Structures are given as structure tokens and as C-alpha cells.
Amino acid sequence: SATSPLMGSQSGQPSSTQAMINPSNGAVTIEDQIRTVDKVIKECEHSRKSLEQICRRLDDLNDEVKRYRDFLGHEKSRRDPALYKTNNADRPSVHNDSICGTMGSLTAQLTQEWTEKLRGIHNAIATPPPSTPSSRNSDRC
Numbered sequence: 001s002a003t004s005p006l007m008g009s010q011s012g013q014p015s016s017t018q019a020m021i022n023p024s025n026g027a028v029t030i031e032d033q034i035r036t037v038d039k040v041i042k043e044c045e046h047s048r049k050s051l052e053q054i055c056r057r058l059d060d061l062n063d064e065v066k067r068y069r070d071f072l073g074h075e076k077s078r079r080d081p082a083l084y085k086t087n088n089a090d091r092p093s094v095h096n097d098s099i100c101g102t103m104g105s106l107t108a109q110l111t112q113e114w115t116e117k118l119r120g121i122h123n124a125i126a127t128p129p130p131s132t133p134s135s136r137n138s139d140r141c
């Protein structure tokens, strides 16, 4: 059976194509190079999946923060005396102050949680993907 010119001859000797790419000084074969490139492709696919996962986390966090921002805007419009357009707007009530204090505590807690989530996302972005020895060698070029 015949073999591909890239796969070598049946005798086990490098084909002329291999000899042109890899001199006969014991250099890496094309098959070895293909395996190396396949590993890089696999790393790229893994990195893409990781980035997609990070993007989803960031989108979810962004949506959550925007929803809370909308909620705060709604609460402000409900409680802002200037919106009543009257000179005799009531002073803020104890109940209103209590609600605003509770919301302030909630906002502080959520902001801390969001900051921690965002820090986790930044760390995930900054963490280099695992690399194979062959790809580390290619980084030196």
C-alpha cells in the first residue's frame, strides 16, 4: 500500500518532503510537528472556552449590578421630595430614614460582593493557561 509523501516511505525512511523540512540530522518529523501544533490548537480551544466562561460571568455580574442600579433609581424617584414639586414637602420620615439606612447597608454589602466577584474574574483573566513544554519552547523564539 502506498503512503502519503508527508508520512514517510514504507521502508521507514523519511520521504523527500520530510527530508526537505527536516534535514537528516535527527530533527523532529512532520508528524511530531503536527502533534505539537495540535497541542497548541487544543490549548487555544481550551483558552477560548475559558474566556467564554469568563465573559458569561462578567455579563451576569454586569446585569446584576445594572438591575440594582435601576432599583436604586426607582427608589430615589419614589423618595425624592424634589419630585413632588411642592414647597411644603414633608421632611423625611423615620421610616424613610430607616429604609434608606437599610438600603445603604445592602448597597455596601453588594458592592463588596461584586468587587470580590470582579477580582475573581480579573484573576481568571490574568492566570496564564497551562502550556506544554513544546509551546513554552516556541515562546522563546
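Note that the UniProt record's numbering has the sequence shown beginning at 1, numbered continuously upward. Note that the Cβ used here is the ideal one computed from N, Cα and C, for glycine as well. The structure displayed is predicted, hence computed values, not measured ones.
- Between residue 99 and residue 57, the gap from beta carbon to beta carbon reaches 8 Å or more.
- Distances from the alpha-carbon of residue 101 to those of 75, 115 and 112 put 75 closest.
- Of the candidates 108, 32, 53 and 52, 108 places its Cα closest to the Cα of residue 68.
- Here residue 127 carries a coil assignment [DSSP, helix/strand/coil].
- When secondary structure is reduced to three states using DSSP, residue 107 falls in the helix class.
- Inter-residue distance for residue 71 and residue 52 is about 28 Å (C-alpha atoms, whole angstroms).
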